[in-house]
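Number of protein chains: 2
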Amino acid sequence: MHQEIILGIDPGTRITGYGVIAFHASMQPLDFGCIRPPPDLPLAMRYKIIFEAIEALIDKFSPTAVAIESQFVLKNAQSAIKLGMAKGMALLAAARRGIAVYEFAPTQAKLAVVGRGGASKSQVQKMMQTLLQLPHPPEPEDASDALSLAICCFHKLRSEACLNPSKGR
Amino acid sequence: MHQEIILGIDPGTRITGYGVIAFHASMQPLDFGCIRPPPDLPLAMRYKIIFEAIEALIDKFSPTAVAIESQFVLKNAQSAIKLGMAKGMALLAAARRGIAVYEFAPTQAKLAVVGRGGASKSQVQKMMQTLLQLPHPPEPEDASDALSLAICCFHKLRSEACLNPSKGR
Numbered sequence: 011m012h013q014e015i016i017l018g019i020d021p022g023t024r025i026t027g028y029g030v031i032a033f034h035a036s037m038q039p040l041d042f043g044c045i046r047p048p049p050d051l052p053l054a055m056r057y058k059i060i061f062e063a064i065e066a067l068i069d070k071f072s073p074t075a076v077a078i079e080s081q082f083v084l085k086n087a088q089s090a091i092k093l094g095m096a097k098g099m100a101l102l103a104a105a106r107r108g109i110a111v112y113e114f115a116p117t118q119a120k121l122a123v124v125g126r127g128g129a130s131k132s133q134v135q136k137m138m139q140t141l142l143q144l145p146h147p148p149e150p151e152d153a154s155d156a157l158s159l160a161i162c163c164f165h166k167l168r169s170e171a172c173l174n175p176s177k178g179r
Numbered sequence: 011m012h013q014e015i016i017l018g019i020d021p022g023t024r025i026t027g028y029g030v031i032a033f034h035a036s037m038q039p040l041d042f043g044c045i046r047p048p049p050d051l052p053l054a055m056r057y058k059i060i061f062e063a064i065e066a067l068i069d070k071f072s073p074t075a076v077a078i079e080s081q082f083v084l085k086n087a088q089s090a091i092k093l094g095m096a097k098g099m100a101l102l103a104a105a106r107r108g109i110a111v112y113e114f115a116p117t118q119a120k121l122a123v124v125g126r127g128g129a130s131k132s133q134v135q136k137m138m139q140t141l142l143q144l145p146h147p148p149e150p151e152d153a154s155d156a157l158s159l160a161i162c163c164f165h166k167l168r169s170e171a172c173l174n175p176s177k178g179r
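Taken in order, these protein sequences are the chains called X and F. Per this note's numbering, residue 11 is the first one in the first sequence, and the count goes up by one each step. Per this note's numbering, residue 11 is the first one in the second sequence, and the count goes up by one each step.
Written as structure tokens, this is what we have:
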């Protein structure tokens with residue numbers, strides 16, 4: 011089994027969480043954290059910061075896939091449009107580097123790491139600490155969510171590879 | 011009065027309308043049309059096409075401002091997220107070239123060109139034909155809407171310049 015590097019992104023205009031994991035015999039967290047554009051900047055400049063930060067992560071870690079959180083329920087149209095703009099930055103950064111994008115609902119990522127789609131964010135953080143052998147639960151929650159997306163995506167790719175071994179994974 | 015070139019964008023995942031107008035003693039339409047990414051492509055690739063097309067328009071016409079339509083009411087979260095992703099492409103393209111972005115609700119653009127915020131799309135098309143001295147009403151509606159956004163933005167910039175003549179417009 012060759013190494014698979016996956017970049018998870020939990021997009022948001024205020025905070026975009028990211029997490030990079032290398033999957034080989036074990037899981038190795040390469041980086042995680044969040045992108046917080048200064049809130050006093052014009053919106054367009056904030057998306058530029060998000061886009062360029064994701065592009066830099068892709069260039070640094072050369073992931074084989076990008077896993078993005080897809081929300082389906084939102085308070086109002088304005089929150090949904092803002093989320094869409096942040097999400098668009100992740101999709102564009104991946105597309106411009108020719109990297110496959112996978113989308114997962116929050117419940118799918120929780121199911122993949124905690125075993126329950128309704129798990130709390132702090133349960134995800136504790137499970138991330140255990141699975142990735144971190145000294146503390148990953149902070150903030152957005153980074154922990156991004157790491158869980160990367161694991162969820164790895165499970166998906168591995169199960170596809172098991173079903174289609176000719177694809178070489 | 012120096013020449014002002016404004017790029018209007020009516021963003022959408024399926025169809026993104028654009029219109030470029032040069033404002034000097036009169037209004038001169040430089041280009042209009044729409045970006046239609048092939049619907050069978052993965053979403054990320056479709057946004058890449060939208061982003062690169064807007065970037066190419068900015069590089070070709072060097073607009074002084076980009077005017078973007080901002081919807082505030084939408085059917086559901088999924089349409090709003092998709093609209094946000096398309097809109098994000100326009101914001102990012104402008105931010106990466108250091109061009110100011112202005113947002114207008116559809117009613118503002120209609121008010122600016124037809125005189126009524128509740129005007130129909132075909133009324134906007136007819137008014138665009140008249141104002142820009144075009145042989146036919148601009149097609150599709152998305153391109154006509156984008157042209158009306160450019161005019162709406164010009165009115166805003168001109169009235170600001172009248173209030174603040176020191177800014178040099």
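Even glycine gets a Cβ: it sits at the ideal position worked out from N, Cα and C.
Answer yes or no: do residue i and residue j have a C-beta to C-beta separation smaller than 8 Å?
i              : j              : result
I31 (chain F)  : A100 (chain F) : no
C162 (chain X) : Q118 (chain X) : yes
P147 (chain X) : Q139 (chain X) : yes
F82 (chain X)  : A160 (chain F) : no
A110 (chain X) : A75 (chain X)  : yes
G98 (chain X)  : G98 (chain F)  : yes
R107 (chain X) : K58 (chain F)  : no
I91 (chain F)  : A66 (chain X)  : no
I45 (chain X)  : I60 (chain X)  : yes
Pick out whichever of the options has its Cα sitting closest to the Cα of residue i.
i              : options                          : result
S158 (chain X) : X:I91, X:E170, X:M137 and X:A104 : X:M137
P116 (chain F) : F:D50, F:K131, F:S72 and F:H12   : F:K131
S80 (chain F)  : F:L167, F:R126 and F:A96         : F:A96
A63 (chain X)  : X:P47, X:P148, X:A153 and X:L40  : X:P47
F164 (chain X) : X:S36, X:L67 and X:I25           : X:S36
K77 (chain X)  : X:I91, X:L102 and X:P150         : Residue identity differs from the one stated: residue 77 (chain X) is Ala in this sequence, not Lys. Measuring from the Cα of A77 (chain X), the nearest candidate turns out to be X:L102.
I15 (chain F)  : F:D41, F:T26, F:P21 and F:G27    : F:D41
A104 (chain X) : F:A54, F:A171, F:L93 and F:Q88   : F:A54
A156 (chain F) : F:Y28, F:Q13, F:A87 and F:H12    : F:Y28
L144 (chain X) : X:G128, X:Q38 and X:I45          : X:Q38
G22 (chain X)  : F:G22, F:G108, F:R106 and F:G94  : F:G94
K70 (chain F)  : F:C172, F:L17, F:G127 and F:A129 : F:L17
D152 (chain F) : F:G108, F:T26 and F:A129         : F:T26
L142 (chain X) : X:R24, X:L167 and X:F33          : X:F33
E170 (chain F) : F:L84, F:Y112, F:P73 and F:S72   : F:Y112
R24 (chain F)  : F:P49, F:G127 and F:K120         : F:P49
Residue i bridges to which residues according to DSSP?
i              : result
G128 (chain X) : According to DSSP, which records beta bridges pairwise, G128 (chain X) is partnered with nothing at all.
I19 (chain X)  : X:Y28 and X:I78
F42 (chain F)  : F:G29
N37 (chain X)  : Strictly speaking, residue 37 (chain X) in this sequence is Met, with Asn absent from that position. In the DSSP output, where bridge partners are listed per residue, M37 (chain X) has X:F33.
Y112 (chain F) : F:A77
E14 (chain F)  : F:F33
Using a 10 Å radius around the Cβ and a threshold of 16 neighbouring Cβ atoms, would you call residue i buried or exposed?
i              : result
R56 (chain X)  : buried
L51 (chain F)  : exposed
Q135 (chain X) : buried
G178 (chain F) : Note that G178 (chain F) scores a pLDDT of 45, beneath 50, so its modelled location is shaky; the value from the coordinates is reported in the next line. That one is exposed.
L167 (chain F) : buried
S72 (chain X)  : exposed
K1 (chain F)   : Examination of residue 1 (chain F) is not possible in this model, given that chain F is present from 11 through 179 alone.
Is there at least one Cβ from chain C nearer than 8 Å to residue i's Cβ?
i              : result
L173 (chain X) : The chain labelled as chain C is not found among the protein chains of the depicted structure, namely X and F.
Taking 7 Å as the cut-off, is the CB of residue i close to at least one heavy atom of the ligand NAP?
i             : result
Y28 (chain X) : As for the ligand NAP, it is missing from this structure, which has no ligand bound.
Jot down the residue ranges of each uninterrupted beta strand (DSSP E) in the stretch 62-91 of chain X, minimum 3 residues, whole runs only, in chain order.
-> 75-79
Tell me the start and end of each unbroken beta strand (DSSP E) in the stretch 133-169 of chain X that is at least 3 residues and wholly inside, in chain order.
-> none
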